[in-house]
Amino acid sequence: MAQFDITLAGEITIDLLMYGLPEELPVEREFLATSMALTLGGSSAITAHNLAVLGSRIGFIPQLGADPFTDLCLQPLLRAGVDLSHAVAPKPEIGTGLTVLLQHERSRRALTYSGTISDLRYEDLDLAYLASGRHFHLSSFFLQRGLRNDVPKLLATMRRAGLTTSLDTNDDPANLWEGPIAETLTHLDILMPNEREACRLANESNLDDAINKLSEMIPMLVIKRGAAGALVMHGGLRYEAPGHHTEVIDVIGAGDSFNAGFLHAFVHGAGLRDCLALGNACGAYSTTASGGTQAFSMPQRMQEFFESLGVVGQIVS
Numbered sequence: 001m002a003q004f005d006i007t008l009a010g011e012i013t014i015d016l017l018m019y020g021l022p023e024e025l026p027v028e029r030e031f032l033a034t035s036m037a038l039t040l041g042g043s044s045a046i047t048a049h050n051l052a053v054l055g056s057r058i059g060f061i062p063q064l065g066a067d068p069f070t071d072l073c074l075q076p077l078l079r080a081g082v083d084l085s086h087a088v089a090p091k092p093e094i095g096t097g098l099t100v101l102l103q104h105e106r107s108r109r110a111l112t113y114s115g116t117i118s119d120l121r122y123e124d125l126d127l128a129y130l131a132s133g134r135h136f137h138l139s140s141f142f143l144q145r146g147l148r149n150d151v152p153k154l155l156a157t158m159r160r161a162g163l164t165t166s167l168d169t170n171d172d173p174a175n176l177w178e179g180p181i182a183e184t185l186t187h188l189d190i191l192m193p194n195e196r197e198a199c200r201l202a203n204e205s206n207l208d209d210a211i212n213k214l215s216e217m218i219p220m221l222v223i224k225r226g227a228a229g230a231l232v233m234h235g236g237l238r239y240e241a242p243g244h245h246t247e248v249i250d251v252i253g254a255g256d257s258f259n260a261g262f263l264h265a266f267v268h269g270a271g272l273r274d275c276l277a278l279g280n281a282c283g284a285y286s287t288t289a290s291g292g293t294q295a296f297s298m299p300q301r302m303q304e305f306f307e308s309l310g311v312v313g314q315i316v317s
């Protein structure tokens, strides 16, 4: 029996969120936020945390930072039950990644110090540990600059070990969409972009054209569409599921939470419609609290939310 259901390698960061800021921020002025939150961030860490809360056995290799912020990141992961026994020890003068998110009424700004995000490297990874799962997931392809060029090799190694693989590239801050993307896709079972990312990855301006191109390259294409829900292309068939309306605090980590729900259902043998249902429920639930993991720190509230949507039974442990 595999030691883990899902293994991950990637980033842990701190998200500093400030709410209620005006749309315009002229220089040399001081503006007051109406509220703030300091939460666990990083697509990899959010996905790992929420998978563990759902009941999957999770092994996670992050690069630790040489500062107190790392402890703030590790505490919620450990409470959720994520195994961090093979986390990479801090490297000199490399601080924990940090993103400051300025939440406006109609938009947001994100400012990131990459730190440990870009410092994890292939040679840091215990490949036998990662291969002790049934499925391997990777996030933040473009942010993980130290690992990016070796991602095809990493995914190929996991597949040779018998794992299925998935990737959420997330956005490219440089907006270049370069690197070994084409080779990476050949080693994937599941690709999980949002609409904009799908178009950029396919180099198409039209979503349907992007779907057609990518679905010819990937066994399973999962596209997140925000409030509109999500869709899956698999085996020449298209599956769609609508989103859910909630009282939104913010949408930070909603896509990562969708990934957690979808992959949790997938590795436990659920059909694609149930995978979509749990993914959409997790994405929606994430928006009801600050950041990407705060809502998932309240499991009873989460269960009640899922039941209100009719998402019950074997796909939620």
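Here UniProt numbering is used: the first residue of the sequence shown is 1, the next is one more, and so on.
Each residue gets a CB set at the ideal place from its N, CA and C atoms; glycine is no exception.
Endpoints, the beta strand (DSSP E) within which residue i is located
{"i": "residue 297", "result": "Residue 297 -> no beta strand (DSSP E), and no H or E assigned at all."}
{"i": "residue 41", "result": "35–41"}
{"i": "residue 55", "result": "No beta strand (DSSP E) contains residue 55, which DSSP labels as neither H nor E."}
{"i": "residue 6", "result": "4–10"}
{"i": "residue 167", "result": "164–168"}
Terminal residues of the alpha helix (DSSP H) in which residue i lies
{"i": "residue 258", "result": "254–267"}
{"i": "residue 108", "result": "Where residue 108 is concerned, there is no enclosing alpha helix (DSSP H), although the beta strand (DSSP E) it sits in stretches over 108–113."}
{"i": "residue 69", "result": "69–80"}
{"i": "residue 13", "result": "Segment 13–19 is the beta strand (DSSP E) holding residue 13; no alpha helix (DSSP H) there."}
{"i": "residue 273", "result": "272–286"}
Whole-Å CB distance - residue i paired with residue j, under 8 Å assumed
{"i": "residue 11", "j": "residue 117", "result": "4 Å"}
{"i": "residue 199", "j": "residue 210", "result": "5 Å"}
{"i": "residue 8", "j": "residue 60", "result": "5 Å"}
{"i": "residue 212", "j": "residue 180", "result": "Going by Cβ atoms, the distance from residue 212 to residue 180 rounds to 23 Å, so no, they are not a contact pair."}
{"i": "residue 195", "j": "residue 207", "result": "6 Å"}
{"i": "residue 13", "j": "residue 139", "result": "With 8 Å as the limit, residue 13 and residue 139 do not qualify as a contact, their Cβ atoms being about 11 Å apart."}
{"i": "residue 184", "j": "residue 155", "result": "7 Å"}
Any non-hydrogen atom of the ligand SAH closer than 7 Å to residue i Cβ
{"i": "residue 154", "result": "Inclusion of the ligand SAH in the displayed structure is not the case, the ligand content being empty and no account of it being possible."}
Of the residues the options, the one placed nearest residue i, counting alpha carbons only
{"i": "residue 358", "options": "96, 49, 75, 82", "result": "Residue 358 cannot be examined here, being either before or after the span of the chain that is shown, 1 to 317."}
{"i": "residue 168", "options": "110, 255, 265, 250", "result": "255"}
{"i": "residue 367", "options": "161, 218, 76, 309", "result": "No statement about residue 367 is possible, as the shown extent of the chain runs from 1 to 317 and does not include it."}
{"i": "residue 5", "options": "226, 204, 288, 82", "result": "82"}
{"i": "residue 248", "options": "261, 227, 267", "result": "227"}
{"i": "residue 88", "options": "79, 74, 265, 206", "result": "74"}
{"i": "residue 94", "options": "308, 37, 70", "result": "70"}
{"i": "residue 141", "options": "121, 101, 171, 161", "result": "171"}
{"i": "residue 3", "options": "58, 260, 204, 287", "result": "58"}
{"i": "residue 277", "options": "251, 308, 289", "result": "308"}
{"i": "residue 115", "options": "92, 101, 129", "result": "92"}
{"i": "residue 128", "options": "24, 203, 163, 301", "result": "163"}
{"i": "residue 176", "options": "123, 273, 143", "result": "143"}
query = If you pair each beta-carbon of the stretch 232–243 with each one of the stretch 16–33, do three or more pairs fall below 8 Å?
reply = no
request  = Please confirm if the stretch 129–136 is in contact with the stretch 93–110, defined as three or more CB-CB distances below 8 Å between the two stretches.
outcome  = no
query = Whole beta strand (DSSP E) runs in the stretch 102–161 with 3 or more residues, listed along the chain?
reply = 108–113, 133–139
message = Three or more C-beta pairs under 8 Å: does that hold for the stretch 237–244 against the stretch 30–45?
response = no
message = Tell me whether the stretch 186–197 and the stretch 288–304 touch, counting them as touching only if at least three CB pairs, one residue from each stretch, are closer than 8 Å.
response = no
request  = Identify every run of the alpha helix (DSSP H) within the stretch 181–243, keeping only runs that are complete inside it and at least 4 residues long; order them along the chain.
outcome  = 181–185, 195–202, 207–215
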